[in-house]
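Below is one structure; the comments refer to it alone.
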Amino acid sequence: MTHAPGRLSQGAPVAVIDIGSNSVRLVVYEGLNRALTPVFNEKALCGLGREVLSTGRLPQDAVDRAFAALKRFRALCDAMQVGEVHALATAAARDAQNGPAFIAECEAICGTRIELLTGKREAELAAYGIVAGVHAPDGIVGDLGGGSLELVDVKAGSVGTGVTLPLGGLALQDRSSRSTRKAEKIVRDTIPEAQVLEGLAGRTFYAVGGTWRALARLHMFTKGYPLHVMHGYVIPAREALDFTRIVHRADTEALAHIDVISDARRPLLAYGALVLENIVRQGRPSEVVISALGVREGLLYSLLPEAERAGDPLLIAAAEMNVLRSRSPLHGEELVAWTDGFFASAPVLEEAEEERRLRRAACLLADVGWRAHPDYRGEQSLNMIAHAAFAGIDHPGRAYVALSVYFRHVGLGADESDTRILELVTTGMLDRARILGATMRVAYVLSAAMPGILPRMPLKVRGDQLALSVPKQLVPLINERVQNRLRQLARLIGREPALEQYEEGAAD
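Numbering of the sequence shown is given in the UniProt record's numbering, commencing with residue 1 and proceeding in unit increments.
Structure (structure tokens):
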């Protein structure tokens, strides 16, 4: 493949073909690593599972659509020079009488073996998807497909035993003869069988699957939410109950903002809402968190060596963007170490573990907007970071990192009235973003984004002073602009600025 400067050299791309009960999808990733980056994503809504429960067979028209989609996907993989193609199939192909013949033809088209997932395996991979995409998860994962619902407990990197229930949207539509009233009874009778929900009280329910993402998108637009990123979107449990009740009882087409949902997805919204309402009612979680990562990402995560699984996907993705977009990637790494020393020296800046990893991510991303016009670097950086395909970060964390880099460019006296992302952070997070932005402003005016300077100019709090140590060889770098920025940072943390000269090589 011809080298593309905007891509990382990670070997050949890797692809996953997911033959689901509702959709057949191809996702091609830049490479197999801890921070997966999709370079192509396409789905075909085939509806393979829409009649399996009533007829026992995959509908022929759905089979034909699936074959056509797979032929295109195979050709796309060839064109993109994909190295490995992983293929999997779920409930519809698993349960249908003609499933084996269908899978055999799919394998012939794709030119690779297709793993027909058991319910237990599907639940496991969905849970791995949450481990891959959520920092320190603690709750129950629910993967709602067209044919089934998988539920499994997850805590940090530990995954429990999963259960499968026949409550997928297409399956419910089929069993209830398209009656939401009948579907409601089916769900209420079936959900109590999921004993795993007994451990959900007060924890998080992680919602995986296209129907639940569509439901969350509708909720997001109804609220006028300021950040249109689905991964990590949080719906408090009480709101989830109220909203799902409205969706499954109302005429879908009459719902406000229904136009943000595709026509093909709308008929399944009521069934997805029914299932989610009953899970929240029985399990009593504190919140519902939407995940854009699921079985496909869980499969690739499971293929990584143990050491790579332990990596932090946010910091890895930030480091990759630093390499791709910064003037000097090494400077970004030095900025992490430089701020490590500064924050550790100041009791007023004491950090929790989550605050520390967010600060480090912000340092790696601090220069990604340098190619923009100077008047728009803050805005461009904020939008790029807030909407990036990052995993391992929630929405307040996105806002904090983006605002820190925004303040680094625009200064601390900028008009923030149009920056709606401020709604996502607490006052304390906003204060820390300003301090980090001010720290970066000192760093960049000192170093011009070039490596080798910050390690020679440590910034530390000593008593009531904020001291910048400057080797005599670099004294010419200190001017009024540097001193003004140092003074501004000192004022933010309640200290007096001080410049200290020293001889390099002398004892500290």
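Heads up, the beta-carbon is just placed ideally off N, CA and C, and yes, glycines get one too.
query, result
"Same chain, Cβ closer than 8 Å to CYS77, neighbours up to 5 away in sequence not counted", "ALA15, LEU26, VAL28 and VAL85"
"Extent of the continuous beta strand (DSSP E) run through LYS155", "149-155"
"Which listed residue (ALA250, VAL442, PHE390 and LEU117) has its alpha carbon closest to that of ILE17", "LEU117"
"Stretch pair the segment 347-361 + the segment 91-104: three plus CB contacts closer than 8 Å", "no"
"Uninterrupted beta strand (DSSP E) stretches inside the segment 104-142 (no shorter than 3 residues)", "114-116"
"Minimum length 4: unbroken alpha helix (DSSP H) runs contained in the segment 376-422", "377-386 and 395-410"
"Contact under 7 Å by Cβ, VAL425 with TYR400", "yes"
"Three-state class that DSSP yields for THR90 in the structure shown", "coil"
"Inter-residue Cα distance where the pair is TYR206 and ILE453", "44 Å"
"CA nearest to the CA of GLY49, picked from LEU58, GLN81 and ASN41", "LEU58"
"Inside the segment 221-257 only - beta strand (DSSP E) runs reaching at least 3 residues", "234-236"
"Per-residue DSSP class, three states only, for ALA498", "strand"
"Close Cβ partners of ASP508 (< 6 Å) along its chain, the five nearest in sequence each way excluded", "Interpretation of ASP508 is limited by its pLDDT of 48, a score under 50 that renders its predicted location unreliable; the figure taken from the coordinates is listed afterwards. So no residue of the chain qualifies."
"DSSP beta-bridge partners of PHE40", "VAL28"
"Spatial neighbours of PRO137 in its chain, beta-carbon cut-off 8 Å, leaving aside the 5 residues before and after", "ILE130, VAL131, VAL154, LYS155, ALA156, THR204 and TYR206"
"Extent of the continuous beta strand (DSSP E) run through ARG462", "459-462"
"Rounded straight-line distance, which links the Cα of GLY232 to that of LEU274", "22 Å"
"Interface flag, GLY428 vs chain B, CB-CB below 7 Å", "Within the model displayed, chain B is absent; a lone protein chain is all it includes."
"Segments assigned beta strand (DSSP E), at least 3 residues, entirely inside the segment 460-495", "465-471"
"Residue span of the beta strand (DSSP E) that contains residue 512, given as start and end", "This structure leaves residue 512 out entirely; the chain is present only between 1 and 508."
"Helix, strand or coil at ASP508 [DSSP, three-state]", "Confidence in ASP508 is poor, its pLDDT being 48 and thus under 50, which makes the residue's placement too unreliable to answer from."
"Cutoff 6 Å; reference TRP370; Cβ partners in own chain excluding five residues on either side", "ARG327"
"Reduced DSSP category for MET1 - H, G, I as helix; E, B as strand; rest coil", "Because MET1 carries a pLDDT of 48, less than 50, the predicted location of this residue cannot be relied on, and the following value inherits that uncertainty. Reduced to three states, the DSSP call for MET1 is coil."
"Reduced DSSP secondary structure (H/G/I, E/B, other) of GLU503", "coil"
"Beta-carbon separation (whole angstroms), residue 516 vs VAL280, contact threshold 8 Å", "As displayed, the chain neither begins before 1 nor continues past 508, which places residue 516 out of reach and without an answer."
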